[in-house]
Structures are given as structure tokens and as C-alpha cells.
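Visitor: Structure below; questions to follow.
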Amino acid sequence: MCTNEISERKIGSETGVCKRVNTFIQANENQLKAVCVGGTQLNSNFFVSGQTFPLVTCRLQNGEQIYPNCQYQRGQLSTRYIVLACTEGLPVHYDRSSVQRTG
1 MCTNEISERK
11 IGSETGVCKR
21 VNTFIQANEN
31 QLKAVCVGGT
41 QLNSNFFVSG
51 QTFPLVTCRL
61 QNGEQIYPNC
71 QYQRGQLSTR
81 YIVLACTEGL
91 PVHYDRSSVQ
101 RTG
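As C-alpha cells, this is what we get:
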């Protein structure tokens with residue numbers, strides 16, 4: 001899943017090397033927006049979800065690789081709370097995840 005998904009979405013870093021880690025949240029747009037509106041505010045624009053989400057974490061196979069020739073290990077599935085940066089009630093950045101709810 002990882003290598004194909006990252007390639008199709010044209011995900012790379014600004015420096016031209018492949019990103020070491022990419023995390024995909026298995027949720028629809030409305031579920032992510034709900035974190036920004038109904039989640040617990042951690043600071044000015046970061047919100048933690050009130051429910052857990054399934055995540056797929058993709059890690060680069062070997063050292064530094066040059067985009068677009070990125071090869072990732074098979075994705076690791078987990079279920080965790082998420083922290084999103086939100087602007088005007090919309091998610092703009094996935095910050096991190098946690099096994100326990102923080103905040």
C-alpha cells in the first residue's frame with residue numbers, strides 16, 4: 001500500500017529526498033473536520049481527537065532516497081488518538097498520534 005499510495009499522491013519532501021515517514025489517517029473528511037470542531041484544544045490551533053482512528057504508518061525502506069524513486073516498507077496499522085493543526089475549523093496538518101488521550 002505505502003509505495004503505491006505515496007507515489008500516486010506525489011508525496012515528497014521540499015528538499016527532493018523521500019520523506020522518511022508518512023502516516024495515513026483512515027477517515028473521511030467530515031470525521032477529520034469533527035476533530036477541529038469537537039476535539040480537545042491543546043493550544044492555539046492544535047486539537048486532539050475524542051475517538052481513536054485507524055492509522056497506516058509508512059517508513060522508508062533504506063536510508064536516504066531521491067524522490068520520486070521512493071520505496072517504503074509495508075504499512076504498519078495502528079489505532080490511536082490523533083492531534084491535528086486546524087485553521088478556521090479545518091484540518092491543515094497531522095501533528096502526531098497517541099495511544100492515550102492527552103490534553
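If you use the UniProt record's numbering, the sequence shown corresponds to residues 1 to 103, in order.
Beta carbons: idealized from backbone N, C-alpha and C, even for Gly.
Here's a check: name, in chain order, each residue in its chain whose Cβ is nearer than 6 Å to the Cβ of residue 19, leaving out the five neighbours to either side.
Guide: For the purposes of this step, residue 19 is taken as residue 19 along the sequence shown, with counting starting at 1. 13, listed in sequence order.
Visitor: Going by the CB atoms, is the gap between residue 58 and residue 75 shorter than 8 Å?
Guide: Taking the first residue of the sequence shown as 1, we reach residue 75 at position 75. Taking the first residue of the sequence shown as 1, we reach residue 58 at position 58. Yes, the Cβ-Cβ distance between residue 75 and residue 58 is below 8 Å.
Visitor: At the level of alpha carbons, what is the spacing between residue 11 and residue 63?
Guide: Start at 1 with the first residue of the sequence shown, and residue 11 comes out as number 11. Start at 1 with the first residue of the sequence shown, and residue 63 comes out as number 63. Approximately 17 Å between the Cα atoms of the pair.
Visitor: To the nearest angstrom, how far is it from the Cα of residue 65 to the Cα of residue 78?
Guide: The residue labelled residue 65 in the question sits at position 65 within the sequence shown. The residue labelled residue 78 in the question sits at position 78 within the sequence shown. Between residue 65 and residue 78, the C-alpha separation is close to 26 Å.
Visitor: What did DSSP end up calling residue 73 once you bin it into helix, strand or coil?
Guide: Within the sequence shown, residue 73 is the residue found at index 73, counting from 1. Coil at residue 73, not helix or strand.
Visitor: Answer yes or no: do residue 85 and residue 45 have a C-beta to C-beta separation smaller than 8 Å?
Guide: Taking the first residue of the sequence shown as 1, we reach residue 85 at position 85. Taking the first residue of the sequence shown as 1, we reach residue 45 at position 45. Result yes, Cβ atoms of residue 85 and residue 45 sit closer than 8 Å.
Visitor: In this structure, does DSSP put residue 58 in helix, strand or coil?
Guide: Walking along the sequence shown from the start, residue 58 turns up at place 58. Correct three-state label for residue 58: strand.
Visitor: Give every residue of the same chain whose Cβ lies closer than 8 Å to the Cβ of residue 36, excluding the five residues on either side of it in the sequence, and list them in chain order.
Guide: Position 36 of the sequence shown, counted from the first residue, corresponds to residue 36. Here the set comprises 47, 84, 86, 89, 90, 91.
Visitor: Of all the alpha helix (DSSP H) runs that stay within the bounds of the UniProt domain "Ribonuclease A-domain" (7 to 98), which reach a length of 4 or more residues?
Guide: DSSP runs (the alpha helix (DSSP H)) wholly in the UniProt domain "Ribonuclease A-domain" (7 to 98): 29 to 38.
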